[in-house]
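Residue numbers (full-length UniProt numbering): 1 to 210. Here a beta-carbon is modelled for each residue, glycine too, at the ideal position from N, C-alpha and C. Predicted model, so just to flag it, every value in this text is computed and none were measured.
Below is the structure:
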């Protein structure tokens, strides 16, 4: 409970004032705790920030759905992408990514933290989905990591870019979003099948992706 309270306070102050300007005194005060309590839970401001980034950016409970029916893989991917979008495009998450991008060139600590977290993180959710579908026979054999990246590039990358730039070019909820996401998921599956069949990643997509 105290850890969660401190992380919430730290997130608020880091996003408002920046990493460099935020002090552990301010975080402890905002959380209604003593600085001594903070240091019992976190050895330093850098350790606290690293825990915050890990919790907000890398920890989630999104798991690919499994099915014995290989024919509904488009439905499974669309549903997974919808859950992933809810996480990816959350305002706090976007703001934290902006903070990292803004300060990582100036702060060696920030660079070290983000590099370490990227190296230790588990295989991402889309790569896991690709591996699961390959094992089920729904997709041809391909590299899961590259396949997951291809799916992300073709489906959610523009939404993430819009969110980071704070522009609104695409709807991120509602019927239009759901329909567009399904269409993009179909294109991604087509590209994966082409790649697995030995063709180029994307040739001419079918009129109705399936």
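Name the two residues that bound the continuous alpha helix (DSSP H) containing residue i.
i, result
"residue 163", "157-165"
"residue 61", "Here residue 61 belongs to no alpha helix (DSSP H), and DSSP marks it neither H nor E."
"residue 75", "73-88"
"residue 91", "91-103"
"residue 14", "2-17"
"residue 49", "45-53"
"residue 136", "125-136"
Using 10 angstroms around the beta-carbon of residue i, count the other beta-carbons present and answer buried if the total reaches 16, otherwise exposed.
i, result
"residue 16", "exposed"
"residue 165", "exposed"
"residue 195", "buried"
"residue 58", "exposed"
"residue 207", "Confidence in residue 207 is poor, its pLDDT being 41 and thus under 50, which makes the residue's placement unreliable; the coordinate value appears in the next sentence. With fewer than 16 Cβ atoms within 10 Å of its Cβ, residue 207 is classed as exposed."
"residue 130", "buried"
"residue 81", "buried"
"residue 7", "buried"
"residue 191", "buried"
"residue 133", "buried"
Below 8 angstroms on the Cβ atoms is my contact criterion, and I expect residue i with residue j to pass it. Report the Cβ-Cβ distance as a whole number of Å.
i, j, result
"residue 5", "residue 13", "Not quite, the Cβ-Cβ distance comes to about 13 angstroms (not below 8 angstroms), so this is no contact."
"residue 53", "residue 84", "Incorrect: roughly 18 angstroms between the Cβ atoms, too far for contact."
"residue 25", "residue 35", "6 angstroms"
"residue 20", "residue 103", "7 angstroms"
"residue 224", "residue 42", "The structure shown does not extend to residue 224, since the chain is modelled only from 1 to 210, so the question has no answer here."
Exercise. Counting Cβ pairs closer than 8 angstroms, one from the region 178-188 and one from the region 147-164, do we hit at least three?
Worked result: Contact between the region 178-188 and the region 147-164 is present, because at least three Cβ pairs lie under 8 angstroms.
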